[in-house]
Amino acid sequence: MLETFKGLLVTLRELFKKSVTIPYPLEKRETYPTTRWLHELKRYDNGLERCIGCALCAANCPVHCIYVEAGENTDEQRFSPGERYATVYEINMSRCIFCGYCEDACPTEAIVLEKNYELADTDRDRMIYTKDMLLVKGKGPQDGG
Numbered sequence: 019m020l021e022t023f024k025g026l027l028v029t030l031r032e033l034f035k036k037s038v039t040i041p042y043p044l045e046k047r048e049t050y051p052t053t054r055w056l057h058e059l060k061r062y063d064n065g066l067e068r069c070i071g072c073a074l075c076a077a078n079c080p081v082h083c084i085y086v087e088a089g090e091n092t093d094e095q096r097f098s099p100g101e102r103y104a105t106v107y108e109i110n111m112s113r114c115i116f117c118g119y120c121e122d123a124c125p126t127e128a129i130v131l132e133k134n135y136e137l138a139d140t141d142r143d144r145m146i147y148t149k150d151m152l153l154v155k156g157k158g159p160q161d162g163g
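Numbered per the working numbering, the sequence shown finishes at 163, counting up by one with no gaps.
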């Protein structure tokens with residue numbers, strides 16, 4: 019019986035101490051400068067996409083969560099400065115381990131891991147990020163620019 023009261027005393031003592039956890043999402047914690055989470059596909063200053071569809075990011079990915087299909091640029095429809103561009107670019111975020119190998123492999127620095135870490139979802143289909151979701155908004159040919 020004495021042990022029960024000792025346990026109750028410990029519980030009551032801890033009940034009124036300041037919590038060590040952060041009440042997320044009401045309070046958001048500052049991330050470290052080296053934090054890398056959500057991928058972004060960057061553009062050049064003139065609005066053209068940096069991605070040339072070489073698929074080196076997909077080849078370098080240890081969990082094979084990146085899928086790239088390349089297409090040819092034409093004079094009428096130019097998406098990137100090179101001969102090719104990525105017609106399809108998908109990342110399965112539910113498989114990604116955020117290692118940054120895709121970022122390291124990219125010759126044009128098109129894929130960059132940013133600090134946005136809010137990726138949780140209840141639907142697996144929404145965890146597959148398409149090119150439209152990853153591409154930084156700007157004035158490219160497909161955006162009317």
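We put the CB at the ideal spot given by N, CA and C, even for glycine.
Assigned exposure category for residue i - 16 Cβ within 10 Å defines buried
{"i": "residue 59", "result": "buried"}
{"i": "residue 19", "result": "exposed"}
{"i": "residue 103", "result": "buried"}
{"i": "residue 56", "result": "buried"}
{"i": "residue 84", "result": "buried"}
{"i": "residue 68", "result": "buried"}
{"i": "residue 37", "result": "exposed"}
{"i": "residue 71", "result": "buried"}
{"i": "residue 26", "result": "exposed"}
{"i": "residue 74", "result": "buried"}
{"i": "residue 24", "result": "exposed"}
{"i": "residue 152", "result": "buried"}
{"i": "residue 97", "result": "buried"}
Helix, strand or coil at residue i according to DSSP, with G and I counted as helix
{"i": "residue 89", "result": "strand"}
{"i": "residue 153", "result": "strand"}
{"i": "residue 39", "result": "coil"}
{"i": "residue 64", "result": "coil"}
{"i": "residue 81", "result": "coil"}
{"i": "residue 147", "result": "strand"}
{"i": "residue 29", "result": "helix"}
{"i": "residue 138", "result": "coil"}
{"i": "residue 21", "result": "helix"}
{"i": "residue 56", "result": "coil"}
{"i": "residue 73", "result": "coil"}
Spatially closest choice to residue i from the options, by CA coordinates
{"i": "residue 155", "options": "34, 61, 145", "result": "61"}
{"i": "residue 145", "options": "110, 39, 121", "result": "110"}
{"i": "residue 53", "options": "22, 128, 135", "result": "135"}
{"i": "residue 48", "options": "96, 116, 133, 143", "result": "133"}
{"i": "residue 80", "options": "117, 66, 108", "result": "117"}
{"i": "residue 122", "options": "44, 77, 151, 41", "result": "77"}
Within 8 Å, do at least three Cβ pairs link the segment 117 to 131 to the segment 69 to 84?
yes
Which runs of the alpha helix (DSSP H), 4 residues or longer, sit entirely within the segment 90 to 132?
119 to 123
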